[in-house]
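Protein chains in written order, with UniProt numbering: chain A, 1 to 223; chain B, 1 to 223; chain C, 1 to 223; chain D, 1 to 223; chain E, 1 to 223; chain F, 1 to 223; chain G, 1 to 223; chain H, 1 to 223.
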């Protein structure tokens with residue numbers, strides 16, 4: 001059998017305002033090649049996520065040269081260069097520097113969607129003043145993504161301090177009772193801070209899409 | 001010992017744009033009485049959630065008459081009548097009629113926040129045409145809350161059809177493998193439809209607060 | 001101690017209508033060799049599942065040449081060539097191209113049982129029209145296997161659209177809240193679409209056997 | 001707010017071959033009344049599941065007299081009397097007499113679908129001869145539903161003995177490590193007996209619908 | 001059979017510095033009566049925990065009059081009046097007023113151990129200033145018990161602000177993803193704030209014993 | 001439908017050396033009546049387990065008078081009086097007096113099997129000397145059942161001290177992290193004390209049957 | 001720091017009738033060397049479990065030559081040769097040939113304890129006649145160890161057929177719903193076959209120790 | 001994107017009495033380099049935890065020579081040599097020699113905090129006399145850390161024997177029902193021994209910090 005059957009969803013932008021991305025984990029090299037060939041034929045670009053460097057190394061030179069790959073976020077822009085970032089700016093906050101890969105996936109995805117971001121890292125609640133120093137700035141963002149692993153306390157604290165749309169991105173940072181990100185996920189869901197929303201563990205792409213849905217609503221309103 | 005110690009967070013509106021509510025489950029009658037006394041003294045209103053009819057029946061007449069209680073949503077407006085609902089309108093969608101209590105909690109909370117809602121119920125995916133008939137209308141809302149229990153498939157389907165901010169509200173409807181709402185919760189988190197966000201199981205109040213954060217961002221932009 | 005003790009169940013076809021297969025995972029090379037020797041001696045064929053290419057590489061040339069191995073599905077036909085595929089045709093549907101290995105295991109197993117299949121891939125509900133375009137065709141199959149990972153929403157949608165026997169095959173595609181296939185498994189079990197049945201996560205062989213039991217019932221009836 | 005909004009799926013029979021049923025758990029009396037009113041108005045009948053006797057007692061006499069309620073299975077036939085049972089006959093097997101409520105739900109649902117059933121109870125594997133005495137008879141059914149709780153060993157044993165379509169119905173019988181039916185569910189899924197399929201814990205209605213899908217396939221073939 | 005066999009551990013004070021208490025849940029009235037009879041005979045007092053008012057109501061007058069029962073904490077002092085509270089003072093902090101029963105169990109147990117306590121309630125992190133206002137005072141306690149349910153974020157924040165021995169008491173306050181206190185338990189264990197320790201969910205008695213072990217160490221040192 | 005179908009396994013004694021018992025939980029009054037009628041007709045006795053007093057109260061006088069019911073263990077001897085207890089004596093040990101119902105179920109079941117028991121209660125490891133005082137006596141039993149809930153530490157300690165057959169009976173005593181008996185179950189399974197075996201949580205009947213299998217082996221050997 | 005601190009429990013045989021073994025997983029090469037040096041100095045032998053071939057390869061020649069290592073069971077006899085196997089014979093039964101490593105650990109451990117074993121493999125219930133052919137023989141063993149993974153149905157079937165002491169050894173064979181052996185573990189615990197006992201997943205050593213405790217009781221009785 | 005953003009919490013000592021440490025797992029080489037550069041610039045030392053030897057090997061010579069790395073505990077002292085150890089002495093107790101890495105992390109962390117430790121290893125309860133021989137010595141420590149994996153019975157036994165502050169450190173030693181340390185964690189939490197506190201699985205650093213909080217309280221009192 002062959003696994004090269006692919007059915008792209010090229011009408012998604014019309015329906016929801018942004019394109020499909022390709023989640024590379026779990027796809028064979030042959031499937032990725034097929035997808036890239038189709039995109040080249042159609043003159044379309046695509047965001048690729050969870051794309052590891054060794055997979056890139058196995059690509060043909062023709063595909064590799066159309067690829068802007070970033071190792072930290074494991075994302076690539078294929079066959080299209082995104083335009084300049086537009087307002088409003090999305091705040092991307094992280095508890096610790098171990099959450100940088102997930103933060104980077106958010107930032108890169110929003111770059112692909114031509115949306116501005118500003119990053120605030122290492123403001124975990126165990127050193128509360130680092131966070132409090134940033135509150136005034138954080139209150140200005142209409143939309144924030146908050147990445148946190150381990151105990152996931154940062155979103156609860158932030159949720160009581162800022163008025164913007166809050167998208168919690170639990171990360172798999174930690175061990176033992178951190179349970180691979182489940183504790184951070186459950187803590188964000190069970191938070192008594194009002195109006196937090198949550199995406200899947202380590203799903204930086206999904207957090208960025210959720211942020212972009214809010215950005216779209218803001219743009220249409222300001223339009 | 002007495003349990004009447006209470007410390008209200010009356011400055012929350014200034015910080016995040018809307019007031020604290022009182023979650024009545026787990027509070028004693030004495031604590032609720034104390035809270036209501038304080039609010040009367042301060043001339044403040046309060047939204048009360050998860051307030052059962054039998055607790056209301058045990059209240060003093062003075063408190064009861066200041067209370068607008070709704071049995072289906074288990075919410076009450078205390079000591080303040082909300083003003084008229086404002087735009088933009090939040091869409092509140094539910095897979096089945098068993099999800100009505102949670103839907104009602106969303107609608108009542110947004111009424112308290114003086115925000116308009118429109119409800120679309122019984123559009124579960126097992127009868128897909130009921131949903132497809134509503135898609136054009138659903139595409140017009142800048143913000144939607146989607147309640148679903150059991151397999152939680154509705155948010156995934158909707159996520160590929162509409163561009164608005166999508167807040168999934170998993171409900172505890174179902175039995176066995178529905179796992180008290182966990183399957184709907186996990187399905188919404190693991191969805192391949194892009195940009196879904198999720199709140200806690202049966203947390204209609206939280207979904208409404210999340211929707212209101214997005215409404216605020218839209219209002220400020222259109223302002 | 002030696003681990004070469006083997007007791008084949010060669011009478012299974014008489015009892016249930018199809019033979020035993022060998023699940024290769026967890027068996028030593030010595031055990032597989034012993035099984036293949038026995039089959040050659042008895043002049044019998046066997047389907048082998050979860051057989052990785054590196055295990056094949058370590059086999060004797062004599063065994064390897066009796067083997068029709070397929071890397072994608074990790075299956076092999078040993079010492080027998082299946083005859084041509086017979087009616088009725090089983091539909092094999094998959095949400096995404098990442099589910100191809102499981103789809104391939106279904107298709108190969110049904111080939112071994114000399115039963116026709118038709119494959120429909122990449123019809124996940126996030127791009128609903130891809131699925132709706134296929135509904136008329138899908139309604140014609142008396143038996144369908146539906147592979148889906150992540151949120152597992154496809155079986156619920158399909159269950160409300162088609163009348164055939166529906167066998168859901170949850171896959172381990174996804175991460176975090178997908179919980180290695182458990183969310184897709186639970187979603188299929190908790191679905192409000194009526195009459196779905198489910199097999200173990202990634203158990204393409206089992207899904208094919210279940211489909212074949214239904215095919216046998218149909219054949220006997222049409223007999 | 002009112003919870004009486006109801007949207008019936010009256011076209012389901014055309015799509016999948018049998019009607020929607022009403023799951024009464026989680027619905028208010030007002031919702032059930034509304035549904036029954038609609039059905040009377042439309043001249044349609046409906047199967048009601050998980051309907052407890054005390055809910056029936058609170059119905060109006062007009063609704064009660066249109067109702068054929070069975071306490072053991074918690075099912076009711078509303079506003080329609082099913083016709084005589086047709087071939088082929090579905091075998092309904094149970095490990096213990098504690099599984100009778102679930103067995104009864106299967107039998108009543110298939111009665112509603114005008115399909116014949118034959119019941120074999122108390123054939124748990126701890127008294128293996130009780131089962132072996134029935135094997136010849138069990139081998140004649142084209143479709144079997146097998147209810148089992150606790151360790152759920154019966155489906156595995158049966159799966160190696162009979163050729164029919166096998167639908168396992170795990171029940172919540174047992175305590176401790178039976179985990180409310182999860183162990184029986186997992187055992188059926190993990191079984192090495194080939195081609196078992198599984199429905200949700202205690203979902204007798206779903207098992208009957210799955211059986212009916214197979215019955216339909218057989219009828220069309222013998223047609 | 002009779003269940004009145006009882007074997008008290010009257011030497012515990014010599015070994016660990018404080019007496020055994022009686023956990024009343026799961027004990028029959030006959031067992032509690034037997035224990036109280038033994039204590040009266042031996043001229044000994046006992047702390048009773050998880051003792052509900054209705055059990056007290058069924059006691060003989062002779063036992064009831066030797067009992068100082070507190071309904072909120074569900075504790076009783078039997079056959080002994082504790083002496084005046086001694087230094088050092090243990091701080092008992094709670095995120096919300098729903099945690100008062102657990103706080104009360106801590107305070108009452110420490111009273112029994114003749115140790116001073118000071119209570120600070122309703123300082124959850126969603127209203128951070130309520131907590132920050134108390135930090136200077138909280139920094140003075142050599143030992144603190146911190147009760148928190150839901151997301152359990154309070155211990156993490158406090159752990160970065162105060163130098164004392166920190167004993168986290170997760171409570172079962174909350175629903176859904178709060179998982180009956182497990183999320184607060186896991187969050188405290190996974191916290192990046194250094195040196196938190198944790199006791200069982202709702203185990204106010206255990207938290208007080210742990211605090212008393214630290215108090216003993218301090219007393220011996222200051223001795 | 002009726003649920004009175006019953007199929008007793010009267011040949012079990014011949015196969016395994018002791019009779020079937022009736023687990024009353026989950027059986028209807030009608031089913032229990034049917035079973036008792038059959039036994040009276042056959043002139044056979046039966047052990048009944050998990051039989052609550054209120055069920056006994058609803059029985060006919062004719063059945064009640066043939067019943068020796070014990071409320072603590074929730075067991076009854078029906079239609080037969082067991083003979084005198086025989087050697088060897090089984091030791092039944094429990095960590096706390098809250099485990100008495102389970103201990104009683106073990107003792108009553110072994111009485112039914114006409115086997116001697118000796119009970120040692122309240123020897124939990126938190127008061128280690130209570131246990132050490134009994135070690136010499138405990139070393140004399142060829143077979144011991146050890147009941148323990150909460151942390152389940154008693155079996156591990158005992159396993160390093162005595163040579164007899166050790167059957168651990170985890171109990172659901174405790175709360176929170178005791179997880180309804182799962183922690184005691186897992187602790188007994190994971191114990192580093194060699195040769196512990198375990199039965200289901202609260203399964204006093206099963207522990208007694210396991211003990212009786214060992215007793216039978218000893219009797220045959222000494223025979 | 002050094003990790004060479006070791007405290008052997010050389011008096012265990014006097015207390016429980018058999019020696020300590022060394023679980024090699026999780027121990028460093030340095031720790032194993034230290035233990036072997038001590039044993040050589042003391043002139044004592046030791047059973048080593050979970051000892052992989054590559055660890056053996058890194059040992060000194062002096063240690064290796066005192067070692068009788070078996071790769072399948074991952075066991076070694078160090079510095080002592082066990083004497084001939086004695087009666088009674090323990091039956092060791094396994095559902096499938098994938099369970100051979102665990103079976104081998106049981107057999108080797110009982111060899112070390114100088115106890116006879118007889119092995120019956122590949123008698124899983126999906127091919128029931130393979131098992132029924134062996135029943136008469138299996139009924140003669142006073143003690144049986146039954147290894148089973150996946151659905152773990154074999155112990156339930158066997159428990160209703162044979163009178164001996166039954167020690168279930170769940171194995172991690174299988175995938176998905178087999179949950180790494182948990183389903184087999186739970187099934188054995190929840191079995192309705194009376195008097196099964198269970199040890200930890202893959203704990204062949206523990207099953208052998210449990211069998212040996214029963215063997216000791218039999219030997220003392222036959223004395 | 002770059003991941004070199006780092007925000008150190010250099011004021012932690014003033015707030016809680018000891019510095020931040022760097023958890024190296026999950027940090028990139030670039031992040032560690034950046035942190036070490038900052039510390040060198042600031043003339044500050046740092047404790048590094050979970051630092052594997054291969055990461056050290058990739059460091060620059062300049063960083064490596066400032067590093068005192070210990071392979072067993074996976075800790076390093078960077079850019080500062082701790083002073084001599086002070087009283088009071090913390091007892092560090094472990095059930096088995098497989099827990100040495102965690103014990104070593106506790107000891108090294110307390111060395112960094114210039115606090116004395118004394119280690120007692122291999123006193124698991126399966127060989128109880130090894131523990132009882134040490135009780136008098138263990139009773140003298142004001143603070144003890146108790147490491148235990150598998151069934152985690154040691155803390156319960158110790159909790160009834162010694163008066164000091166008891167910090168349980170569950171370890172991931174074991175397999176199957178040991179559940180990667182969860183059983184030891186739950187057993188310590190559910191223990192009936194009074195006043196145990198618990199830290200995360202394998203969190204030797206956290207246990208040491210908790211011990212140091214108690215040590216600080218003792219030092220302040222002894223003034």
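Cβ atoms here follow ideal geometry from the backbone N, Cα and C, with glycine treated the same way.
If you're wondering where the values come from, they're calculated on a predicted model, not measured in any experiment.
- Any idea what DSSP makes of residue 168 (chain B), helix, strand or coil? Translated into positions along the second chain, residue 168 (chain B) becomes position 168. DSSP places residue 168 (chain B) in strand when its eight states are reduced to three.
- Item | Three-state secondary structure (DSSP) of residue 142 (chain D) | Residue 142 (chain D) sits at position 142 when you count from the first residue of the fourth chain. Here residue 142 (chain D) sits in coil by DSSP.
- Got a sec? Which residues, its chain only, sit under 7 Å from residue 181 (chain E) by beta carbon, not counting five neighbours each side? Here the question's residue 181 (chain E) lines up with position 181 in the fifth chain. Excluding sequence neighbours, residue 181 (chain E) sits near 149, 170, 171, 172, 201, 202.
- Task: Might you give, ordered along the chain, the residues of its own chain that have their beta carbon closer than 6 Å to the beta carbon of residue 145 (chain G), omitting 5 neighbours on each side?
- Result: Numbered from its first residue, the seventh chain carries residue 145 (chain G) at position 145. If we look at residue 145 (chain G) and ignore the five residues flanking it on each side, its Cβ neighbours are 92, 106, 167, 169, 207, 211.
- So is residue 176 (chain G) in contact with chain C if we call contact Cβ pairs under 8 Å? The count along the seventh chain starts at 1 and reaches residue 176 (chain G) at position 176. True, the Cβ-Cβ gap to chain C drops below 8 Å.
- Spatially closest choice to residue 85 (chain E) from E:72, E:114, E:68, E:8, by CA coordinates: Locating residue 85 (chain E) in the fifth chain gives position 85, where the first residue counts as 1. Considering only alpha carbons, the answer is E:114.
- For residue 189 (chain G), which of D:184, D:53, D:198, D:103 has the nearest alpha-carbon? For the purposes of this step, residue 189 (chain G) is taken as residue 189 along the seventh chain, with counting starting at 1. Residue D:184 is the option with its Cα nearest to residue 189 (chain G).
- Task: Mind reading off the beta-carbon distance from residue 187 (chain G) to residue 156 (chain G)? Whole number of angstroms is fine, and I expect it under 8 Å.
- Result: Indexing the seventh chain from 1 puts residue 187 (chain G) at position 187. Indexing the seventh chain from 1 puts residue 156 (chain G) at position 156. Approximately 7 Å separates the beta-carbon atoms of residue 187 (chain G) and residue 156 (chain G); this is inside 8 Å, confirming the contact.
- Short check: CB of residue 128 (chain A) to CB of residue 174 (chain E), under 8 Å? Position 128 of the first chain, counting from 1, holds the residue named residue 128 (chain A). Position 174 of the fifth chain, counting from 1, holds the residue named residue 174 (chain E). Their beta carbons are not under 8 Å apart, which means residue 128 (chain A) does not touch residue 174 (chain E) by this criterion.
- Task: Tell me, please, which residues DSSP counts as bridged to residue 119 (chain D).
- Result: Walking along the fourth chain from the start, residue 119 (chain D) turns up at place 119. Bridge partners of residue 119 (chain D): D:92.
- Contact under 8 Å by Cβ, residue 39 (chain G) with residue 74 (chain G): Sequence index remark: in the seventh chain, residue 39 (chain G) carries index 39 (1-based). Sequence index remark: in the seventh chain, residue 74 (chain G) carries index 74 (1-based). For residue 39 (chain G) and residue 74 (chain G), no; Cβs fall outside 8 Å.
- So residue 72 (chain E) packs on residue 100 (chain E), CB below 8 Å; how close in whole Å? Residue numbering aside, residue 72 (chain E) sits at position 72 when the fifth chain is read from its first letter. Residue numbering aside, residue 100 (chain E) sits at position 100 when the fifth chain is read from its first letter. Between residue 72 (chain E) and residue 100 (chain E), the beta carbon gap of about 6 Å places them in contact (Cβ cut-off 8 Å).
- Item | Through-space distance from residue 33 (chain F) to residue 61 (chain F), alpha-carbon basis | As a position in the sixth chain, residue 61 (chain F) is number 61, starting the count at 1. As a position in the sixth chain, residue 33 (chain F) is number 33, starting the count at 1. Approximately 12 Å between the Cα atoms of the pair.
- Query: Taking the Cβ atom as the reference point for each residue, do residue 141 (chain E) and residue 164 (chain E) lie within a distance shorter than 8 Å?
  - Reply: Counting from one through the fifth chain, the residue named residue 141 (chain E) turns up at place 141. Counting from one through the fifth chain, the residue named residue 164 (chain E) turns up at place 164. Going by C-beta atoms, residue 141 (chain E) is nearer than 8 Å to residue 164 (chain E).
- Item | Closer than 8 Å to chain A by CB, residue 149 (chain B) | Counted from its first residue, the second chain places residue 149 (chain B) at position 149. Not one chain A Cβ lies under 8 Å of residue 149 (chain B).
- List the residues of chain H that residue 73 (chain E) touches, going by C-beta distances under 8 Å, in chain order. By one-based count along the fifth chain, residue 73 (chain E) stands at place 73. Neighbours of residue 73 (chain E) on chain H: none; closest Cβ ~17 Å, over 8 Å.
- Task: Have a look at residue 97 (chain B) and residue 122 (chain B) and give me their C-alpha separation to the nearest angstrom.
- Result: The residue you call residue 97 (chain B) lines up with position 97 of the second chain. The residue you call residue 122 (chain B) lines up with position 122 of the second chain. Near 6 Å, if we compare the C-alpha coordinates of residue 122 (chain B) and residue 97 (chain B).
- Quick one: does residue 186 (chain C) have its CB under 8 Å from some CB of chain B? Counting from one through the third chain, the residue named residue 186 (chain C) turns up at place 186. So, interface residue.
- Could you tell me which of G:18, G:7, G:10 sits nearest to residue 111 (chain G), measuring between CA atoms? What you label residue 111 (chain G) is simply residue 111 of the seventh chain in a count that begins at 1. For residue 111 (chain G), the nearest C-alpha among the options comes from G:18.
- Message: Within a Cβ cutoff of 8 Å, which residues of the same chain sit near residue 116 (chain C), ignoring the five residues on either side of it in sequence?
- Response: The residue you call residue 116 (chain C) lines up with position 116 of the third chain. If we look at residue 116 (chain C) and ignore the five residues flanking it on each side, its Cβ neighbours are 85, 86, 87, 88, 89, 90, 110.
- Using 8 Å as the limit for Cβ to Cβ distance, is residue 181 (chain F) near chain D? On the sixth chain, residue 181 (chain F) is found 181 positions in, with the first residue counted as 1. So, interface residue.
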